[in-house]
Ligand code: AMP
Ligand code: ZN
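In our numbering, the protein residues as written are 6 to 498.
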């Protein structure tokens, strides 16, 4: 499973490439993190599930992984190009709170989602505001040859680097899709790397710089944090597909300028060898939009009774480069699929424990051979640009193999789960029960009533049994006699 070469789709070359680390035995990965002005929606979290699977795959293949994710707490405007207000300043003003409080609250909420989705901690979370002096140094280094100053700030001249925008699909020379809002820009696609505080205004977050008091541009932040921690060039840079159009082309332009100025490489050095982008999670009714009142946060799924790993399963069922449509039915189906896996593992654990306590030797000593083709299929799938959809079916095929030692099978499942991250060895059926937060009845109460009902049925007192069932139904609890998945009950919404 580990010796199959890892092929990844590089958005820069638009083809699959065999992963060749810059530093032998190592993998250095940078993932664009959230702007912490609001809760992440589940679409945002798809970007981190994808980056997590990438990281887990690299670790599994034996690379010493250094993964960095940033937290943007300054500089990201409401428009990805140069229009609009700073998202953080805007939210702080709306809430009459300090930016630092806003940033702390939403960073913690984001970290809670990271944990709930079983996304591994990166080696480093880089916080943008902690890198402002490094950003000023970086900007100083490229300013003379690549930038020009306007009243509103320091701008990057995209005509000073080779082949600007080669990453973007929608790019034209006019800078398609951009709103020309800044007078004096030399090219429509030029962007601010330092934004001066307008005269007469004070911002909550501002710093002194050679270009006046102000704040760094969002694109500058990622160039600086990635280069500072991972060194240019590093291996892989990831983000959502929207970043392929503006944010990453701008990062690349800055990286080229920086690397060129510092004699690090040829003019084409884009900072990272491979640029990878996950496609979007979409939802028809617009509930993904953070401006739409109740939007699709992970906590909403949890409140409606879904275990967060059902959402991880939903993500894994699709290829990261395909658009994925969210629906509650789809989430329910992903939960059921996860539950089937968990039930199979529970049965294997019981069987294994029986064998161990009875000191029975495995019945089939040649089990390794039986697993080999499935491990090969699993390894081939994840090595083929992280095809988790096929990897999942290989896992299910392993579960279906007959006449193999339960302990060996568990070991194979555990190995596969180090990449999938579904927590299959520790989750229980009970963890996966659908239990909405609005429910007033407790699990203990449900279990107690069900125990009484069991007694009544054993005594053939069907009138009492039916009454108890109706009582539960009146409180939203559906009793599920003889359910093929082993659900005892579920709570309706
Ligand atoms: P932001 O906090 O807006 O910078 O976004 C955080 C990450 O989520 C970025 O990598 C975005 O590209 C990504 N992203 C935004 N919307 C979606 C979506 N609907 N589906 C998947 N990824 C998304
Ligand atoms: Zn970024």
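Built from N, CA and C at the ideal position, the CB exists for glycine as well.
Small disclaimer: the values here were computed from a predicted structure and weren't measured.
Tell me whether residue i, by its Cβ, gets closer than 7 angstroms to a heavy atom of the ligand ZN.
i           : result
residue 505 : Not covered by the structure: residue 505. The range shown for the chain is 6 to 498.
residue 244 : yes
residue 37  : yes
residue 227 : yes
Would residue i be called buried (16 or more neighbouring beta carbons within 10 Å of its own) or exposed?
i           : result
residue 383 : buried
residue 91  : buried
residue 178 : Unreliable positioning characterises residue 178 in this predicted model, as indicated by a pLDDT of 46, which lies under 50. The coordinate reading is nonetheless provided below. Exposed, by the Cβ-count rule.
residue 274 : buried
residue 259 : buried
residue 361 : exposed
residue 8   : exposed
residue 414 : buried
residue 162 : buried
residue 25  : exposed
residue 61  : buried
residue 173 : buried
residue 451 : buried
residue 203 : exposed
residue 373 : exposed
residue 134 : buried
How close, in whole Å, do the beta carbons of residue i and residue j come, if the pair is a contact with beta carbons under 8 angstroms?
i           : j           : result
residue 226 : residue 77  : 6 angstroms
residue 199 : residue 137 : So it is not a contact: roughly 10 angstroms between Cβ atoms.
residue 424 : residue 58  : 7 angstroms
residue 75  : residue 38  : 4 angstroms
residue 305 : residue 316 : Their Cβ separation, rounded to whole angstroms, is 11 angstroms, which puts residue 305 and residue 316 out of contact at 8 angstroms.
residue 242 : residue 53  : So it is not a contact: roughly 14 angstroms between Cβ atoms.
residue 421 : residue 437 : With a Cβ gap of about 19 angstroms, residue 421 and residue 437 do not count as contacting.
residue 93  : residue 79  : 6 angstroms
residue 263 : residue 146 : 6 angstroms
residue 347 : residue 433 : 7 angstroms
residue 476 : residue 447 : Their Cβ separation, rounded to whole angstroms, is 14 angstroms, which puts residue 476 and residue 447 out of contact at 8 angstroms.
residue 303 : residue 293 : Residue 303 to residue 293, Cβ: 12 angstroms. No contact.
residue 390 : residue 13  : 6 angstroms
residue 331 : residue 288 : 5 angstroms
When you compare each of the options to residue i by their alpha carbons, which one comes out closest?
i           : options               : result
residue 216 : 149, 250 and 170      : 149
residue 205 : 218, 197 and 194      : 218
residue 501 : 10, 99 and 320        : In the structure displayed, the chain extends from 6 to 498; residue 501 sits before or after that span and is not available.
residue 41  : 34, 33, 113 and 420   : 113
residue 29  : 277, 240, 354 and 38  : 240
residue 51  : 292, 118, 434 and 312 : 118
residue 169 : 142, 154, 97 and 251  : 251
residue 519 : 459, 400, 45 and 233  : Given that the chain is displayed from residue 6 to residue 498, the structure contains no residue 519 and the question cannot be resolved.
residue 377 : 406, 105 and 343      : 406
residue 456 : 437, 474 and 439      : 474
residue 81  : 465, 95, 326 and 70   : 95
residue 440 : 483, 418, 454 and 427 : 483
residue 123 : 56, 142, 391 and 341  : 56
residue 334 : 358, 350, 355 and 309 : 309
residue 153 : 487, 189 and 332      : 189
residue 318 : 357, 393, 481 and 127 : 393
residue 286 : 46, 488 and 31        : 46
DSSP beta-bridge partners for residue i?
i           : result
residue 32  : 70
residue 153 : 160
residue 132 : 76
residue 197 : 160
residue 15  : 20
residue 482 : 496
residue 281 : 243
residue 389 : 12
residue 221 : 199
residue 287 : 330
residue 40  : 77
Do residue i and the ligand AMP come close, with the Cβ less than 7 angstroms from some heavy atom?
i           : result
residue 49  : yes
residue 248 : yes
residue 277 : no
residue 285 : yes
residue 293 : yes
residue 52  : yes
residue 40  : yes
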